[in-house]
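Visitor: Shown below is the structure under consideration.
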Amino acid sequence: MTETVFTYGSPSLKFGSGSSDEIGYDLSTYGARRVLVVTDPGVAATGHPQRIADQIKGYGIEAVVFDRTHVEPTDESIREAVEFGRSEGPWDAFVAVGGGSAIDTAKAVNLLTTNEGDLMEYLNAPVGQGRAPNQPLKPLVAVPTTTGTGSESTTICVLDVLSLKVKTGISHPRLRPTLAVVDPLLTFTQPAGVTAACGMDILCHALESWTARPFTSYDRKQPEQRVPYCGSNPIADMWAERALTLLAGSFRTAVHDGEDAEAREQMALAATFAGMGFGNAGVHIPHANAYPIAGRVKDFLPAGYPHDEAMVPHGMAVSLTAPEAFRFTFDADPQRHVRAAELLGGAASEGADALPNALTSLMRDIELPNGIGGVGYDEGDVEDLVDGAVKQQRLLATAPKDVTEDDLATILRGSLELW
Ligand SMILES: NC(=O)c1ccc[n+]([C@@H]2O[C@H](COP(=O)([O-])OP(=O)(O)OC[C@H]3O[C@@H](n4cnc5c(N)ncnc54)[C@H](O)[C@@H]3O)[C@@H](O)[C@H]2O)c1
Ligand SMILES: [Zn+2]
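Residue numbering for the sequence shown follows our numbering, starting at 2 and increasing by one per position.
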């Protein structure tokens, strides 16, 4: 029997300029007396986390700032944050101020200060044991400062397991933040390179959830088998479509003029909308490919990011194979692919070319690297990248058609140079 049911989950949301000035009040309604504010050094330097901590203190709530989140967290950096959380706790609530890196780190600290056990046990199988928390978590207020991941709405925490050279995650409904406070004013200081990479993450969240395998195509689940990611469904579709329209109107401007308030606000809305969509539908091939593209980086140093180590930022890693991935998925639902290209305002070409061309035209305008070759990979790396992508079966299963290792190799090879 095929599926007839889909689910929808999201945090409470407070959106708008100045919304981050009210967090002390929000925490007081939870009865919080002592909270941990989690951030990273780059975001700390903007002054937003300390300002928010001071505002929280105004409500008689103790607020301690932890600013050692690693940009794109690793098992090591999360362990350090958890040790801090465990030794300096207990905490009544957590506040994450930053991009996906800070929000995901706060999710892990919340999990591992309220539940026993080691990080590895909670990681998705087969890397970890996929252990589920048996204790409730504390309230988590997520305050995104990038316009990208949508982590403020999702049930996942993504991290790099250094010893195994794999990116994986923890996924459980209890990780979802209690409240998302999206204040566009916090996003103005994102460097252009961060705005570009994070914006491509929004775009791929919207496109991948919009083209995901429909929820009705799965086998019927038992109640205890339900997962947060249902495949495309009418509610997630609505968020995805709207996110695409917002991106079409604001993405290029936000990258080239970071002070444009309207563009920044539209991007913040787009990130939130796409997060609410993909957080329930799921993502597929570009995200599966992004794991090895980011995880096996050689010496690429992206503009706008800390230069203490090589990295391919998440949104950039996701975007580099997106044009070819959507060329591959086109025949699963041509109408949706063409519609997406139209929404992006780039339907200059037709059929299977429409969406890839709309994407590459945007990527050139915002100065993304020209394919995976642009971040240091060549033909000789394709096999290794396929090997990493094929391990992301949970994501590949959300693709609208079966994906073989040969298909992944064709997509990756076609993405060595995009224009
Ligand atoms: N949990 C999820 O649902 C989810 C979804 C997608 C990606 N992710 C993960 O999120 C991480 C990426 O997060 P991200 O793309 O939001 O970026 P990020 O948190 O890694 O931040 C990127 C850089 O921008 C800086 N920065 C952030 N906001 C700033 C601001 N307002 N002003 C100045 N500098 C600022 C940071 O210091 C950092 O150097 C990755 O680890 C990725 O795997 C998680
Ligand atoms: Zn993403």
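C-beta atoms are modelled at their ideal positions from N, C-alpha and C, and glycine is treated no differently.
Return the chain-ordered ranges of every beta strand (DSSP E) run that is complete within the region 109-184 and spans a minimum of 3 residues.
Guide: 141-145, 157-162, 167-172, 180-183
Visitor: What does DSSP give as the partner residue(s) for V98 in the beta ladder?
Guide: Beta bridge pairing from DSSP links V98 with V144.
Visitor: If F331 sits next to A353, beta carbons under 8 Å apart, how far is it from one beta carbon to the other, in whole angstroms?
Guide: 4 Å
Visitor: Is P335 closer than 8 Å to R214 when the C-beta atoms are compared?
Guide: Not in contact: R214 and P335 (Cβ atoms no closer than 8 Å).
Visitor: Excluding the five sequence neighbours on either side, which residues of its own chain have a C-beta within less than 6 Å of the C-beta of P370, listed in chain order?
Guide: V376
Visitor: Can you list, in chain order, the residues of its chain whose CB lies under 7 Å from that of A269, leaving out five sequence neighbours each side?
Guide: T148, V183, P185, T188
Visitor: Buried or exposed: K139, going by 16 or more other Cβ atoms within 10 Å of its Cβ?
Guide: buried
Visitor: Would you report the Cα separation of E153 and H206, rounded to the nearest angstrom?
Guide: 14 Å
Visitor: In the DSSP assignment, the alpha helix (DSSP H) including A272 goes from what residue to what residue?
Guide: 262-282
Visitor: Straight-line CA distance for E81 to L165?
Guide: 18 Å
Visitor: Pick out whichever of T190, D238, T70, F85 has its Cα sitting closest to the Cα of V159.
Guide: T70
Visitor: Return yes when at least one heavy atom of ligand 1 lies under 7 Å from the C-beta of G100, else no.
Guide: Short note on G100: C-beta closer than 7 Å to some heavy atom of ligand 1.
Visitor: Ends of the alpha helix (DSSP H) at S457?
Guide: Since the displayed the chain opens at 2 and closes at 420, residue 457 lies outside it and no answer follows.
Visitor: Let me check understanding here. Comparing Cα to Cα, which of R365, G32, G381 lies closest to W420?
Guide: Taking only the C-alpha atoms, the option nearest W420 is R365.
Visitor: Give me the DSSP bridge partner(s) of P357.
Guide: P357 is not bridged by DSSP to any residue.
Visitor: Less than 7 Å between C-beta atoms, sequence neighbours within five positions excluded: which residues of the same chain meet that for L204?
Guide: Counting only residues of its own chain and dropping the five nearest sequence neighbours on each side, L204 has a CB closer than 7 Å to the CB of L248.
Visitor: Could you spell out where the alpha helix (DSSP H) holding E84 opens and where it closes?
Guide: 76-89
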